[in-house]
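Enquirer:
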Ligand code: IFM
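In my numbering, the protein residues as written are 91 to 538.
1) Looking at the unbroken alpha helix (DSSP H) that takes in residue 286, where does it start and where does it end?
2) So what does DSSP say about residue 539, is it helix, strand or coil?
3) Which one or two residues does DSSP pair with residue 474 in a beta bridge?
4) Are the CB atoms of residue 201 and residue 107 within a distance shorter than 9 angstroms?
5) Who are residue 250's beta bridge partners in DSSP?
6) Taking the beta strand (DSSP E) that residue 166 belongs to, which residues open and close that run?
7) Does the Cβ of residue 258 lie closer than 8 angstroms to at least one heavy atom of the ligand IFM?
8) Indicate whether residue 129 and residue 215 have their beta-carbon atoms separated by less than 9 angstroms.
9) In three-state terms, what does DSSP make of residue 528?
10) Does the count of Cβ pairs from the segment 157-164 and the segment 515-532 closer than 8 angstroms reach three?
11) Need the endpoints of the beta strand (DSSP E) that residue 510 sits in, please.
12) Since residue 340 is in the beta strand (DSSP E), which residue starts that stretch and which ends it?
13) For residue 255, is the beta carbon positioned less than 8 angstroms from some heavy atom of the ligand IFM?
14) Leaving out five residues before and five after residue 194 in sequence, what residues of the same chain have Cβ atoms less than 6 angstroms from its Cβ?
15) Grouping DSSP H, G and I as helix and E and B as strand, with all else coil, what is residue 221?
16) Report, in whole angstroms, the separation of the C-beta atoms of residue 539 and residue 314, which I expect to be a contact under 8 angstroms.
17) Give me whichever residues DSSP pairs with residue 93 in a beta bridge.
18) Flag this pair as yes or no: are the beta carbons of residue 155 and residue 486 separated by less than 9 angstroms?
19) Following the continuous alpha helix (DSSP H) through residue 424, name the residue where it begins and the one where it ends.
20) The ligand IFM and residue 212: does any heavy atom of the ligand fall closer than 8 angstroms to the residue's C-beta?
21) For residue 235, report the span of its alpha helix (DSSP H) as first-last.
22) I want to know whether the segment 103-117 touches the segment 486-497 - three or more CB-CB distances under 8 angstroms.
23) Heavy atom of the ligand IFM less than 8 angstroms from the Cβ of residue 487, yes or no?
24) Within 10 angstroms of its Cβ, does residue 293 collect 16 or more other Cβ (buried), or is it exposed?
25) First and last residue of the beta strand (DSSP E) that includes residue 520?
26) Taking 8 angstroms as the cut-off, does the CB of residue 314 come closer than this to any heavy atom belonging to the ligand IFM?
27) Excluding the 5 residues preceding and the 5 following residue 461 in the sequence, name in chain order all residues of the same chain whose CB lies nearer than 6 angstroms to its CB.
28) Kindly list the residues whose CB is nearer than 7 angstroms to the CB of residue 115, restricted to its own chain and excluding five residues on each side of it in sequence; keep chain order.
29) If you run the structure through DSSP and keep just helix, strand and coil, what is residue 392?
30) Answer with buried or exposed for residue 343, where buried requires no fewer than 16 other C-beta atoms within 10 angstroms of its C-beta.
31) Suppose the cutoff is 7 angstroms on Cβ atoms and the five residues either side in sequence are ignored; what does the same chain contact list for residue 211 look like?
32) Just to check, is the beta-carbon of residue 201 closer than 8 angstroms to a non-hydrogen atom of the ligand IFM?
33) Here's a check: name, in chain order, each residue in its chain whose Cβ is nearer than 8 angstroms to the Cβ of residue 348, leaving out the five neighbours to either side.
Structure, rendered in structure tokens:
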């Protein structure tokens, strides 16, 4: 047996998000978010589940921090619910909301765990959606005001700040594919939302620098790795478009202050224009301290006239699948992060999410033998090690997720946790994958 040893300063963490774990949606002065509205609209979420209770982390965060401590992680990524801080999005700040996150941050710090805070993980205050949401440019100002409030309140307690989680999901999944809140199916709207979120990111980074807030700031994009199925020109081009939708569309503006021209043309031909104003692109491309990458899957794409948004289809070549029906493609992680370094330079990279959904069974003695999830983690850890050995500036890894939680449009039936959540009792039961990760961290690496 050989051992793949990770650098001693490698950051190991797990990740969650407010609406997925907190519950207590009507407590502590919290206002409604678009996810309250969406999940309470019949037919939008599997089983008509909603986040009213979720994992009840609002009340049980100490238990969650204890789980993190026993796991041995040195970081925890979670998000702040904007409607807990500003119940109506702007205006009067809600001190109870700030107090709650102070308690969470203090508990983490007392346990030696560095907080990594996401500002926007999808729970937009409903009051802002009522005025057009991210399609309304004024939402950018509201976001910067919210960001400024939490920067100042938690300055010195937060090691890493992430402005947005997965701008692709905020824009295209939610406003073009209609799968997530607010559930629209309008390409022009989605392109506009993506642009406004990117500008809001840049404005928040500017504010962070101007205020001299301690810690680091970056953003998180969900990247995938779609390769052309063949070397035929049409396949290469279709796969390039399919990949660029998640990757270049967000990475190019973030790092280079441009949008990829071939995609701009493609969207324009479909009637979707980007509402760029003078100075926007410079704002978006503010230097950041790190880039967060969420990676789950990848695959092969080829040309098919009229298929999807890009005249492209995925080719099934027999990958193992997770319970989300996503390909298990660990090599894709290696390829995509190598590409990030090649294209965008040596900005430190954090894998801010990676993990797998499988059907889990709680045994009578309250164990979950999730061998497939362990295998998924093992294979992706090996790719992380290869990346580090190759000189890619990969500094940390956050497993998605600490707990089974509200998996958005999939409700509670899809479990990603390394800790099993019993939704009847709200008890938490560490799965075998939890112990696997604990051992990797404790031993500084992986036996292969
Ligand atoms: O649960 C989500 C998370 O909120 C964002 N990234 C993907 C995860 C799994 O679908």
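Beta carbons: idealized from backbone N, C-alpha and C, even for Gly.
Expert: Here's the rundown:
1) 277-301
2) Examination of residue 539 is not possible in this model, given that the chain is present from 91 through 538 alone.
3) Answer by DSSP bridge pairing: none, since residue 474 is not bridged.
4) no
5) 206 and 306
6) 165-169
7) no
8) no
9) helix
10) yes
11) 509-511
12) Here residue 340 belongs to no beta strand (DSSP E); instead the alpha helix (DSSP H) covers 338-346.
13) yes
14) 151
15) coil
16) The requested residue 539 does not occur in the structure, where the chain is confined to residues 91 to 538.
17) 537
18) no
19) 420-434
20) yes
21) 228-244
22) yes
23) no
24) buried
25) 518-520
26) no
27) none
28) 126, 141 and 142
29) strand
30) buried
31) 107, 108, 169 and 255
32) no
33) 342 and 371
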